[in-house]
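**Q** Could you have a look at this structure, given as C-alpha cells, before my questions?
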C-alpha cells in the first residue's frame with residue numbers, strides 16, 4: 022500500500038502527474054496528493070512579500086488564480102478578530118501527524134516556516150519534531166504534507182506549539198502499519214497533553230480489519246477521556262473515498278469520536294479575503310470525501326439531524342480544499358504553492374479548535390456534540406457558512422460514481438459547512454446559552 026505524497030526538490034522540477042487513486046497499486050492516500058492541477062504541482066515563484074497582496078503560486082508562464090495570503094484566510098473565516106484580541110493559541114499544543122519522514126532533496130521545515138513567517142509578518146513558529154517513532158536520520162526535512170499542515174496551523178493559531186510526529190516513510194506498506202501510525206499519533210497527543218491532534222491522512226473503511234479499526238477507536242476513546250480533540254480529513258476522492266469504488270467513507274474521520282473535515286471552494290475578495298460564499302469542492306476526479314459509514318452506527322449527536330441515516334454521516338464540517346482558491350504556502354527558497362485538499366481544511370479547523378481551547382482556558386476535548394448543538398440552534402448562520410451547492414460525484418474508469426449533493430444544513434459532502442470563527446469560538450468556549 023502506498024501513501025501518496027509530493028516531495029519537492031531544489032532543482033528544475035518535471036511536471037507532476039495527478040495521481041489516479043483508483044489506479045494506484047495501493048489504497049492508502051495522504052489527502053493532499055491529488056489536489057494540485059498538473060501545472061500547479063511543479064510549483065511557482067513568489068512574486069510578492071506583502072501580507073496584504075495576492076500571491077502568485079503558479080510556475081513561470083502558467084496563468085492561475087493567485088493564492089490568498091494567510092491574512093486573507095484569517096479574514097474570510099472570521100479568525101482575524103480573534104487574533105486582534107490575543108486569541109492566537111498561546112499556551113496550547115497541537116500534535117500534527119502522522120508525517121512520513123522525508124529525505125533529500127526535501128527542505129528543512131524550520132527554514133520553510135521561517136520564510137513563511139517573514140513574508141507574512143507572522144511570529145516565529147514554536148515547532149517541535151517528535152522523532153521517537155520514525156528514528157529518522159534527517160528529522161527536519163519535510164514533505165509537502167508536513168509543510169501544508171504546519172503552515173496552515175501556524176497561520177490560524179500562530180501562538181500555538183506545533184508538535185510534528187514523524188513516522189517511517191513506508192508506514193503505509195500495509196493497513197496494519199497505517200492503523201498503528203494513526204494510533205501512535207493519537208497516543209502522542211494524549212501523552213504530550215495536547216489540545217488538538219490534527220490528522221491529514223485517510224484510508225477507506227473497507228481496507229481495515231476489525232482489529233485495526235478497534236485499535237484506532239481505543240486510542241480515540243483515550244483521547245476523549247483526556248480532553249484531546251481529534252480532527253481528521255474526510256478524504257479527497259468524493260463518494261468513493263480512498264481507492265474506491267465502491268462508495269465508502271474514510272477512517273479515521275468516520276469514527277464518531279473524530280471531527281471529520283470535508284472540502285469546499287472558497288469565494289472571497291482578492292486580495293483582502295472578504296467572504297463572499299462557498300460551494301462543495303469537486304475537481305472531477307477529486308472531491309470532498311463524504312457519505313455514510315459501514316462500520317459505525319449513527320452517534321447520538323447526529324440524532325434528529327436531517328439527511329443523516331442509521332450510520333455515522335461524514336463529514337462534520339468543511340473548509341476550502343480547492344487549489345484555485347487556496348492559501349499560499351512558502352518554501353525557504355522563496356517558492357510559493359497553494360495549500361489544497363482536505364489536508365489543508367483539516368489543520369485550519371484544528372487551529373480554530375485550538376483558539377477555542379485558549380478562550381475557554383481549558384481543553385474542550387470531544388467537540389462534536391457541541392458543534393452539532395450550535396449548528397442545530399439559532400446561532401447556526403452566524404457561526405457557520407452553510408454550503409448548499411455542489412456534490413461529491415467523481416469520475417472513475419467505469420464512469421461517473423454518483424455521490425451526494427450539498428444542501429441546507431448538514432449534508433454528507435460538507436457537513437454543517439465552513440466556519441465563522443469570531444462567532445463559533447466563543448460559542449464553543451462558553452457553551453452556556455450557546456444556541457442563542
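In my numbering, the protein residues as written are 22 to 457. The beta carbon of each residue, even a glycine, is placed where N, CA and C say it ideally should be.
In chain order, what residues of the same chain lie with their CB nearer than 7 Å to the CB of residue 96, ignoring the 5 residues before and after it?
**A** 293, 294, 295
**Q** Can you tell me where the beta strand (DSSP E) holding residue 187 begins and where it ends?
**A** 182 to 188
**Q** Measuring alpha carbon to alpha carbon, tell me which of 159, 397, 347, 145 ends up nearest residue 431.
**A** The shortest C-alpha separation from residue 431 is found at 397.
**Q** Nearest by alpha-carbon distance to residue 433: which of 382, 163, 310, 373 is it?
**A** Taking only the C-alpha atoms, the option nearest residue 433 is 310.
**Q** Have a look at 168, 211, 255, 120 and flag the residue whose alpha-carbon is nearest the alpha-carbon of residue 155.
**A** Minimum Cα distance to residue 155 is reached at 120.
**Q** Taking DSSP as the reference, what is the three-state secondary structure of residue 387?
**A** In this structure, residue 387 counts as coil in the three-state DSSP scheme.
**Q** Let me make sure I understand the geometry here. Which of 111, 440, 369, 323 has the alpha-carbon closest to that of residue 298?
**A** 440
**Q** In the DSSP assignment, find the unbroken alpha helix (DSSP H) run with residue 149 in it and report its ends.
**A** Element bounds for residue 149: not the alpha helix (DSSP H) but the beta strand (DSSP E), 147 to 151.
**Q** Among the residues of its own chain, which have a CB less than 6 Å from the CB of residue 279, if the five just before and after it don't count?
**A** 251, 253, 273
**Q** Check residue 359 in the structure and name its three-state DSSP category.
**A** Residue state for residue 359 is assigned as strand, using DSSP reduced to three classes.
**Q** Using a Cβ-Cβ cutoff of less than 8 Å, which residues in the same chain neighbour residue 438 once the five nearest sequence positions on both sides are dropped?
**A** 285, 299, 338, 339, 405, 406, 407, 408
**Q** Run through the DSSP bridge pairs and tell me what residue 348 is partnered with.
**A** BP columns for residue 348 point to 89, 360.
**Q** If you compare alpha carbons, which of 148, 176, 268, 91 is closest to residue 421?
**A** 268
**Q** Taking all protein chains shown into account, do 16 or more other C-beta atoms lie within 10 angstroms of the C-beta of residue 419, making it buried, or fewer, making it exposed?
**A** exposed
**Q** Pull up the CB-CB distance for residue 116 and residue 191, whole angstroms please, since I reckon it's below 8 Å.
**A** Their Cβ separation, rounded to whole angstroms, is 22 Å, which puts residue 116 and residue 191 out of contact at 8 Å.
**Q** I think residue 259 touches residue 413, with their Cβ atoms under 8 Å apart; what is that distance to the nearest whole Å?
**A** 4 Å
**Q** With a CB to CB cut of under 8 Å and the five nearest residues on each side skipped, what residues in its chain are close to residue 428?
**A** Hits under 8 Å: 328, 409.
**Q** Measuring CA to CA, which of 415, 114, 143 is closest to residue 305?
**A** 415
**Q** What residue from 263, 261, 205, 196 has the CA that sits closest to residue 230's CA?
**A** When each option's Cα is compared against that of residue 230, the closest is 196.
**Q** Expressed to the nearest angstrom, what Euclidean distance is found between the alpha-carbon atoms of residue 447 and residue 380?
**A** 7 Å
**Q** Take every Cβ of the stretch 206 to 222, pair it with every Cβ of the stretch 80 to 93, and state whether three or more of those distances are shorter than 8 Å.
**A** no
**Q** Grab me the residues of residue 175's own chain with a C-beta within less than 6 Å of its C-beta, minus the 5 sequence neighbours each way, in chain order.
**A** 146
**Q** Could you say if the stretch 132 to 146 and the stretch 164 to 183 meet the contact criterion of at least three C-beta pairs nearer than 8 Å?
**A** yes
**Q** Who does residue 272 pair with in a DSSP beta bridge?
**A** 224
**Q** Tell me which residue opens and which closes the alpha helix (DSSP H) that residue 296 is part of.
**A** No alpha helix (DSSP H) contains residue 296, which is instead part of the beta strand (DSSP E) from 296 to 301.
**Q** Among 367, 303, 276, whose alpha-carbon lies nearest the alpha-carbon of residue 226?
**A** Comparing Cα positions, the closest option is 276.
**Q** Measure the alpha-carbon distance for residue 216 versus residue 369 and round it to whole angstroms.
**A** 14 Å
**Q** Counting pairs of Cβ atoms below 8 Å between the stretch 347 to 365 and the stretch 125 to 132, do you hit three or more?
**A** The answer is yes - the stretch 125 to 132 touches the stretch 347 to 365, with three or more Cβ pairs under 8 Å.
**Q** Under a CB-based cut-off of 8 Å, is residue 253 close to chain C?
**A** In summary, chain C is missing from the structure at hand, where a single protein chain is found.
**Q** Is residue 250 helix, strand or coil when you go by DSSP?
**A** strand
**Q** Could you give the distance in angstroms between the alpha-carbon of residue 321 and the alpha-carbon of residue 75?
**A** 44 Å
**Q** Taking all protein chains shown into account, decide if residue 449 is buried (16 or more other Cβ within 10 angstroms of its Cβ) or exposed.
**A** buried
**Q** Sorry if obvious, but does the Cβ on residue 284 come closer than 7 Å to a heavy atom of the ligand COA?
**A** The model on display carries no ligand, and the ligand COA is accordingly not part of it.
**Q** According to DSSP, is residue 238 helix, strand or coil?
**A** helix
**Q** Please state whether DSSP places residue 154 in a helix, a strand or coil.
**A** Correct three-state label for residue 154: coil.
**Q** With DSSP as the reference, label residue 430 as helix, strand or coil.
**A** coil
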